[in-house]
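This report refers to the structure that appears directly beneath it.
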Amino acid sequence: MALLALDFSSGGAMQEPSVQCWLQSAVPKLRCSVNCQQKQFKQYAMQQQQALLDVKASKLEADAANARAEQDALDLEQQLCDVTLQQEQPGSSSTAKS
Numbered sequence: 048m049a050l051l052a053l054d055f056s057s058g059g060a061m062q063e064p065s066v067q068c069w070l071q072s073a074v075p076k077l078r079c080s081v082n083c084q085q086k087q088f089k090q091y092a093m094q095q096q097q098a099l100l101d102v103k104a105s106k107l108e109a110d111a112a113n114a115r116a117e118q119d120a121l122d123l124e125q126q127l128c129d130v131t132l133q134q135e136q137p138g139s140s141s142t143a144k145s
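When the letters of the sequence shown are read in order and numbered with the numbering used here, they come out as residues 48 to 145.
The structure is reproduced here in structure tokens:
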């Protein structure tokens, strides 16, 4: 660990040349590392957002399929009602036999 020499004339601490050298080489590396981590985090966040959008799209597709199935069920129920009404009308083949 480098020692710091006090410079009382300027009111601050003077750093030894080796510390200055280390700082000059370390700061760009740290910035690069931070930038890289930020990019990785942004990429991860975008992947999570895409996954969420995919889930929402799947839900919409499932909702649409359910709506189609409900409509089909209503159509079949209507057809059943129509057939039942036709059979109950006077002169239909089922009442003519009785």
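Even for Gly, the Cβ is constructed at its ideal location relative to N, Cα and C.
Please report the residue range of the alpha helix (DSSP H) in which residue i lies.
i, result
"GLN87", "64-135"
Which residues in the same chain as residue i place their Cβ atom closer than 7 Å to its Cβ, once the five residues preceding and following it in sequence are excluded?
i, result
"SER145", "Residue placement at SER145 cannot be trusted, given a pLDDT of 44 that sits under 50; what the coordinates show is reported in the next sentence. Same-chain partners within the cutoff: there are none."
Can you find the residues in the same chain that come closer than 8 Å, C-beta to C-beta, to residue i, ignoring five residues on each side of it along the sequence?
i, result
"ALA143", "Note on ALA143: pLDDT 48, under 50, position unreliable in the model; no value is reported."
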